[in-house]
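Just add 6 to the spot in the sequence shown (first one is 1) and you have this note's numbering.
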Amino acid sequence: MDRTGIAAALTDLLFTPELDLHEAADRHFAPEYRQRTDGSWADRAEFLDHIAHLRTMVAEGSVEVHEELCEGLRYADRHTVRVTKKDGSTVRTEVYVFAEFAPDGRFRRIEEVTLMLEGSDADRNLGSAR
Numbered sequence: 007m008d009r010t011g012i013a014a015a016l017t018d019l020l021f022t023p024e025l026d027l028h029e030a031a032d033r034h035f036a037p038e039y040r041q042r043t044d045g046s047w048a049d050r051a052e053f054l055d056h057i058a059h060l061r062t063m064v065a066e067g068s069v070e071v072h073e074e075l076c077e078g079l080r081y082a083d084r085h086t087v088r089v090t091k092k093d094g095s096t097v098r099t100e101v102y103v104f105a106e107f108a109p110d111g112r113f114r115r116i117e118e119v120t121l122m123l124e125g126s127d128a129d130r131n132l133g134s135a136r
């Protein structure tokens, strides 16, 4: 089973605007995908609506994975997302992830907690997938 990872998923979703959003999501997220970010749950449709909104704001960015662990269908990581917005401002967010893979290697569920390192309160959700 080939598995996705957070860096590949976020790069396709946020930093590869020429890639269709739904194609990017299908590469990395199972149909039943759901996510909890800082206590708020979103289903796949809500998640994709949020990503579509973020794509209108993001000029470029990167993901740096500091630690990553896979065991069976379980996944955990700590990563930092750096985003440069179209207005030129920068957002950096550290994210702690616990996740579950579907049998095909795509994410089925992600639960994450975010820590804003740089940016305004209005930018709080830019560094996460929610």
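Ideal placement from N, C-alpha and C gives every residue a C-beta, glycine not left out.
Using beta-carbon positions only, say whether residue i and residue j come within less than 9 Å of one another.
i	j	result
Ser-68	Ser-95	no
Val-101	Thr-86	yes
Leu-27	Arg-80	no
Leu-123	Thr-99	yes
Gly-78	Thr-10	no
Glu-66	Arg-84	no
Thr-120	Thr-43	yes
Report the CB separation of residue i from residue j in whole angstroms; it is logged as a contact under 8 Å.
i	j	result
Phe-113	Ala-15	7 Å
Ala-36	Leu-54	That pair is no contact at about 13 Å.
Val-71	Ile-116	That belief does not hold up - the Cβ atoms of Val-71 and Ile-116 are roughly 14 Å apart, past 8 Å.
Could you name the residues that DSSP lists as bridge partners for residue i?
i	result
Phe-138	Absent from the model: residue 138. The displayed extent of the chain is 7 to 136, so no value can be given.
Asp-49	Arg-40
Ser-68	Arg-88
Glu-74	Asp-83
Glu-124	Arg-98
Phe-21	BP columns for Phe-21 are empty, so no partner.
For residue i, count the other beta carbons within 10 Å of its own beta carbon; 16 or more makes it buried, fewer makes it exposed. Which is it?
i	result
His-34	buried
Asp-8	exposed
Asp-49	exposed
Ala-105	buried
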